[in-house]
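Start counting the sequence shown at 628; every next residue gets the next number (this note's numbering). In this text, a Cβ means the ideal position worked out from N, Cα and C, and glycines have one as well. Everything numeric in this text was worked out from a predicted model, so none of it was measured.
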Amino acid sequence: SSGINAEYGGTADGGVGCIKLNYDNSMVPEVHEFEQKHSASVYCVATNNSVLVSGGADSKVVFWNLHGSVLFIDHMSHVGVVRHIFLNEWLMITAGDAHVLIIWDPINLAIKHVFHHNPLKIKFMLANEKSLVYGSPDANYIMFLSISV
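Next up, the structure:
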C-alpha cells in the first residue's frame, strides 16, 4: 500500500524539521528542515493534527504549522532548558530545568496556568489527558497532578 508518514525532530544546532517516509515503491525518505531555528539545541518536539511544538536549551517554546512556518514563539515563560512537551488537540504541558511547569491552550497558543517553584528540576515527565507524573533522579519523590480541562 502507499501512503506518507512524517516524523518530526530537533537537532543539536537548533534545527527543527521532518522526515517523510513515502510508502510506495521508492521507500526513500524526504528530509525537510524548517527555515527558522532555535538558537541552541532542541530537546523536545511534539505534534498533534494541526501544530508542532518544540523546546530546547534556548528556553523557547516555538509553535509551528506542520509545513514549517512559525506561528508563535514564547521567549519569556521558561527561564531554563525546556526538556519535555506533552501535546494533544486541546492541552499542552511544557516543563524543564527551572522548576517551572506550564499548562497551555494549544488552540489559542496561550498559557492557561504556570506552576512556579516546583521542588525539583523536571527531568522526566509522563502525561495523558487526565494526569501528569514528573520527577527528577536527583529527588527522593515523584510528583503527581490530576488535570481537569
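Worksheet item: For Ile-774 versus Lys-757, is the C-beta distance shorter than 7 Å?
Response: Their beta carbons are under 7 Å apart, which means Ile-774 touches Lys-757 by this criterion.
Exercise. Would you kindly report the start and end of the unbroken beta strand (DSSP E) that includes Ile-609?
Key: Given a span of 628 to 776 for the chain in the structure shown, any question on residue 609 remains unanswerable.
Sorry if obvious, but does the Cβ on Glu-662 come closer than 6 Å to a heavy atom of the ligand PLP?
-> Among the components modelled here there is no ligand, and therefore nothing to report on the ligand PLP.
Met-752 in three-state terms, based on DSSP:
Residue state, collapsed to three classes: strand.
- Query: Starting from Met-770 and walking both ways along the beta strand (DSSP E), at which residues does that stretch end?
  - Reply: Unbroken beta strand (DSSP E) run through Met-770: 769-773.
Buried or exposed (CB count within 10 angstroms, at least 16 for buried), Leu-708: Per the sequence shown, residue 708 should be read as Val rather than Leu. So Val-708 ends up on the buried side.
In angstroms, rounded to a whole number, what distance separates the CA positions of Pro-733 and Val-706? Roughly 20 Å separates the two Cα atoms.
| message | For Ser-668, which residues in the same chain have their Cβ closer than 7 Å to its Cβ, ignoring the five residues on either side in sequence? | response | These residues qualify, in order along the chain: Ala-639, Gly-641, Gly-683 and Ala-684.
Run the CB neighbour count on Phe-751, radius 10 Å, all protein chains shown included, and call it buried at 16 or more, exposed below.
-> exposed
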